[in-house]
Structures are given as structure tokens and as C-alpha cells.
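Here is the structure we will look at.
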Ligand code: GLU
């Protein structure tokens, strides 16, 4: 089996991509065509700092439990560059991590009182309903099936399912060219569910983590990886000579913050936090310093739902 870069090495690669010198110099615009390149580290956009609210008093059992424990437990991904990533020192980074920090600050928890827990796609509803995490921020599509088990605040971002393929593959232009091919996705993902529909007539391979799918793609064990474009752009940036994103999203994936079903006070407080941090500029600043570096265009958050 071919050696595959560890997540840690991959993180370094992503940073190197972001830091690569180009003719663009200090241009901080995102191109939409690939990862942004910058002249040097001083040109990298800065992350916001979040003011921590004091004496937060809302009628939420989850929040009261967290206040008593002195920490807020937030479920996240650890292998999605620019979104939810954990390096070898345990440091978490990415747009979802920033969304988690801004919401936590409004609930009265500074970053050092957040305990991040890695929870993968297929086990999120369980982790939330069993109370293993107080909140979940990790490319989590809000949909009715999941609403039967968990609550959602948001959305705070709109993604779409897309395909990651090998750079030299000229045979795949979208989900309808997957006949006779093998497509990998994470167990329990919306993309997996979509691509299993008979109209695509393809074979699926299911893994616990997307990084496992990426390894199979690099080793030509599968022909494509499907999940959200925002996630796939991060993997393409880690392997710019080997992989590319097709770039024709075929679903809509509104990202929400997961929490215990029925905790209305918490849901309202989290939705208020998303709106407030959009209005004060933190959202855009966080985006530019994380997901924006992967080449995703900035469009701002969608309208938060107030059911
Ligand atoms: N947003 C999709 C989902 O929630 C795919 C990404 C993920 O697995 O987190 O299923």
C-alpha cells in the first residue's frame, strides 16, 4: 500500500499552499478557482477575537449543565482542512471551529473553556442525543430526517455536494457520469444518500472518515469522493497535483449547529449569535482566514431560520 500523508503532514501542506509566493503578491481576494496564494505570512488574514458574554442566563438545560461543569463540550470534525481540522499538537482550526468559538463566547465560554470532541458524520445524532456533546459544529446539514432526533440553529453556511476526482480523469463531469464507477463517501452523509439514488447507477464505498475516501481515491481504489464542495476543496488543496473538484454542486447543504432536540432557548441564543457575529464583521473575518483560503467564494451566511 502506498504511503499516505498523515493529517499532520497534510495540514502543513495546506499552510504551505496558503503561503506560496505568487505574482499576486499580497492580494487577499479569494479566486474561486483554487486555494489563495500569498506572498508571505504577514499577508494571511487574521482571525477575529470574540468578546465573551458575562452572566448569561437562559432557560436551557444544556447550557445550565455546561455552566455547572465550567466547560462547553462541542463536537467537531478533525480531518477537514479549512473547516474542522486538528493538528498533531491538538490545535483545532477552520471555519467551523471559529463558528463554534464565536457562539461559545456569546454563551459565556471563552475558547479555553471549550472542550472539542471529534465526532464523525455517522454518529452525530447519537452523540448529541446521548448528551456526549452540548453543541455540534461540523459541516452538519440541517434536514427533516435529522430534526427527528436533534435540534438545529442556523443555517450559517450553504454548501453543495460535489465530486473530488483524480486530476487526469477526463471521464467524470458530474454525478450522471458515475455509471460503472466507484464513489466513496462517509457513512451517514447526505451525499452518500443522494448518490445511492438509482438514477446515478453507481457503486458506493462507505467509510467512517472522508480522509479514508481520499486515500482510496489517491490509490485508484475508487474513482470519486462525494461530499460537500467546501470539504472537497480542502482535500484538493492538499493534493493539488493529483486531485481536483469537478465544481458542479448537485445538492444544497445548509450547515446548522446541532443540539439537543427541544432546547428552544439554546437554539434561539445560538441563532442570535450567528446573526450578531455576521453583523459585527466577525463572520466574514473568520471566513477569510479559514475557508476563504481554499478558494471558496464569500457569499455571507444564509438567512437564519426561526421556526
Ligand atoms: N453536509 C453533509 C452532511 O451533513 C456532508 C458533510 C458531512 O458528512 O459532515 O451529511
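In the working numbering, the protein residues as written are 1 to 307. For glycine and all other residues, C-beta sits at the position ideal for the given N, C-alpha and C.
Going by the CB atoms, is the gap between residue j and residue i shorter than 9 angstroms?
i: residue 150; j: residue 114; result: no
i: residue 116; j: residue 290; result: no
i: residue 102; j: residue 283; result: yes
i: residue 172; j: residue 223; result: yes
i: residue 152; j: residue 194; result: no
i: residue 235; j: residue 140; result: no
i: residue 217; j: residue 170; result: no
i: residue 84; j: residue 138; result: yes
i: residue 204; j: residue 79; result: no
i: residue 228; j: residue 247; result: no
i: residue 77; j: residue 120; result: yes
i: residue 162; j: residue 243; result: no
i: residue 182; j: residue 202; result: yes
i: residue 73; j: residue 132; result: yes
i: residue 75; j: residue 164; result: no
i: residue 112; j: residue 277; result: no
i: residue 156; j: residue 301; result: yes
i: residue 147; j: residue 261; result: yes
i: residue 58; j: residue 286; result: no
i: residue 279; j: residue 158; result: no
i: residue 53; j: residue 108; result: yes
i: residue 62; j: residue 259; result: yes
i: residue 288; j: residue 45; result: yes
Sort out for me which residues DSSP pairs residue i with in a bridge.
i: residue 311; result: Shown here, the chain extends from 1 to 307; a query on residue 311 therefore has no answer.
i: residue 138; result: Paired residues: none, contrary to the question.
i: residue 153; result: 257
i: residue 86; result: 92
Does any residue of chain C have a CB that is nearer than 9 angstroms to the CB of residue i?
i: residue 166; result: Annotation note: the requested chain C is absent from the structure, which comprises a single protein chain.
*asked:* Taking contact to mean 3 or more Cβ pairs, one atom from each stretch, closer than 8 angstroms, check whether the segment 64-74 and the segment 271-285 are in contact.
replied: no
_I'd like the ranges of any alpha helix (DSSP H) spanning at least 4 consecutive residues and lying wholly in the segment 155-201._
190-195
_Sufficient close CB pairs (3 or more, under 8 angstroms) joining the segment 260-268 to the segment 183-191_ = no
*Which ranges would you report for the alpha helix (DSSP H) in the segment 265-292 if only whole runs of at least 4 residues count?*
282-289
*Can you check the segment 194-269 for any beta strand (DSSP E) of at least 3 residues that lies completely inside it and give the ranges in chain order?*
203-207, 224-228, 243-245, 253-260
*asked:* Which runs of the beta strand (DSSP E) at least 3 residues long sit entirely within the segment 42-76? Give them in chain order.
replied: 72-76
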